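See below for the structure under consideration.
Protein chains: 2
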Amino acid sequence: MRNSPFMPEFKHAYSPFKNHQHSQCIHHALCSAEKLCKENGFRLTNVRKRVLELIWESHQALGAYAILEQLGQEGVKPAPPTVYRALDFLLDAGLVHRINSLNAYIGCNHPKDHHHGSYFLICQHCRIVAEIHDQAIDEEISALAKREAFIVCERALEISGICQRCQENGHAG
Amino acid sequence: MRNSPFMPEFKHAYSPFKNHQHSQCIHHALCSAEKLCKENGFRLTNVRKRVLELIWESHQALGAYAILEQLGQEGVKPAPPTVYRALDFLLDAGLVHRINSLNAYIGCNHPKDHHHGSYFLICQHCRIVAEIHDQAIDEEISALAKREAFIVCERALEISGICQRCQENGHAG
DNA sequence: ATTGTAATGTTATAATATAACACTTTATAA
DNA sequence: TTATAAAGTGTTATATTATAACATTACAAT
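Chains as they are written, first to last, in the numbering used here: chain W, 6 to 178; chain C, 6 to 178.
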């Protein structure tokens, strides 16, 4: 596994990423993004693609200004709107998620299905974010909404704590 | 029901607040806050108390700078740290919650129990926020965490959509 | 009364995000 | 193929949210 040069604090992977080939998963994410955009007539321009790559390379939640810094190191540093526009596009396309509690963005590993919510486990020690899908939670949220006669548009569940690896390394809560 | 002078856009109450006496619920919230602080040796100073009152009076999620404005209209306008310190105190005491997706703060209606998570229904039309407790969701989150060997510290579930009242008024999604 | 701690005041600035308008590229269609 | 509209990007400025750092005041406990 190759650590990204862009995220020196990157220490280890949380369970969903265990034993994976990092460069391979970036490649896979980019390929499926290209595919999705082609199929839907979205334009995955250079900036947008590079922003998506940077997010996947970091393999963590990356802030807009961190992305900006990276872009600056590979040429002319763009102004903030460039990054925010790219992020808006990627969010709309379902290619990234925003983690509200971190003001940061991570790659989405399932850009196709929109049937369910995405939930996030956020390690407070190593900062890794794992996207989780859980039908039982989906159903309980739907049941709750039904009881309250509430029409659901967006669900954001962010669970902060300590990941397994950090527990093993003695950083338990 | 008396609308607060501090939140002119306040239109109507979401189900949890239906038919309630607004001034009465503010009073109740403040009394139980005083009680909780007294019991635990927390100091509910003037600024802290006034911030809590403003949040309850608005009966919505209120941003830090909106609070600052209100404070300014009743005397000398303090600097941001004053409000953020008061909010930090209230958050620590469990008297308010932060709504990450809104960068805003609401009063907590159950400052005693810390056994479960608080979940929020956020109406995108009238901006009202309802705090919900749901044991089924608690349990599914615990089950999920157990499966992933993740130690949970914080849970933030923010569900955005359209509340019943706004649906009835023709603002359905 | 003294003293240490907690709270607040004050100034400056960091971090995140968007508005507004100019310019360029791309896709489309005459 | 060029004209044109729409989409994307560049650029400047600024809005919004939040905190660092240090001075001063209020309070509580000896």
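Beta carbons: idealized from backbone N, C-alpha and C, even for Gly. Values in this document were obtained by computation on a predicted structure and should not be read as measured data.
Taking CB atoms only, A161(W) has a neighbour in chain C less than 8 Å away. Straight-line spacing of the CA atoms in A91(W) and G46(W) works out to 16 Å. Of all residues in the region 51–72 of chain W, none is placed with a Cβ closer than 9 Å to any Cβ belonging to chain C. Contacts with chain C (Cβ-Cβ distance below 8 Å) from the region 131–163 of chain W involve A135, I137, D139, A141, I142, E145, I146, A148, L149, A150, E153, A154, F155, I156, V157, C158, E159, R160, A161, L162 and E163, listed in chain order. Secondary structure note for L92(C): its alpha helix (DSSP H) is the uninterrupted segment P85 to D97. With a contact defined as Cβ atoms closer than 8 Å, Y124(W) and I137(W) qualify at about 5 Å. If you draw a 10 Å sphere on the C-beta of Y70(C), you find fewer than 16 other C-beta atoms in it, and that means exposed. In the three-state DSSP reduction, H102(C) falls in the strand class (E or B). For the options I31(C), Q65(C) and G68(C), the alpha carbon positioned closest to that of K54(C) is the one of I31(C). Contact note: C168(C) reaches chain W through F155, using a C-beta cutoff of 7 Å and chain order.
Around S123(C), no beta-carbon contact reaches into chain W at under 9 Å, the shortest distance being about 12 Å.
Around the Cβ of C36(W), a 10 Å sphere holds fewer than 16 other Cβ atoms; the residue is exposed.
For C171(C), the closest alpha carbon among the candidates A38(C), L73(C), V134(C) and L57(C) is that of V134(C).
Straight-line spacing of the CA atoms in N174(W) and Q140(W) works out to 31 Å.
Of all residues in the region 95–111 of chain C, only N105 and S106 place a beta-carbon less than 7 Å from a beta-carbon of chain W.
Rounded to the nearest whole angstrom, the C-alpha separation of C42(W) and V101(W) is 13 Å.
Under a criterion of Cβ atoms nearer than 7 Å, the residues of chain C adjacent to L126(W) are, in order, E153 and F155. Beta-bridge partners of F155(C) (DSSP): none assigned. Residue-level contact check: Q129(C) touches chain W, since one or more beta carbons of chain W fall below 8 Å from its beta carbon. Non-local C-beta neighbours of L73(W) in its own chain, meaning closer than 6 Å and more than five positions away in sequence, comprise V88, ordered along the chain. A Cβ-Cβ distance of about 6 Å is found for the pair L67(W) and A109(W), placing them in contact under the 8 Å criterion. Selection L149(C), E159(C) and Q129(C) evaluated against C168(C) yields Q129(C) as nearest (Cα-Cα). Ranked by Cα distance from V52(W), the options L149(W), S106(W) and A84(W) are led by A84(W). For L126(C), the enclosing beta strand (DSSP E) starts and ends at Y124 to C128. Think of a sphere of 7 Å around the beta carbon of S165(C): the chain W residues whose beta carbon falls inside it are C158 and E159, in chain order. V52(W) carries a helical assignment under DSSP once its states are collapsed to helix, strand and coil. Residue pairing by DSSP places E136(C) opposite F125(C) in a beta bridge. Q172(W) has a beta carbon lying within less than 8 Å of a beta carbon in chain C. Shortest Cα-Cα distance from F155(W) to any of E163(C), R152(C), E153(C) and E159(C) involves E163(C).
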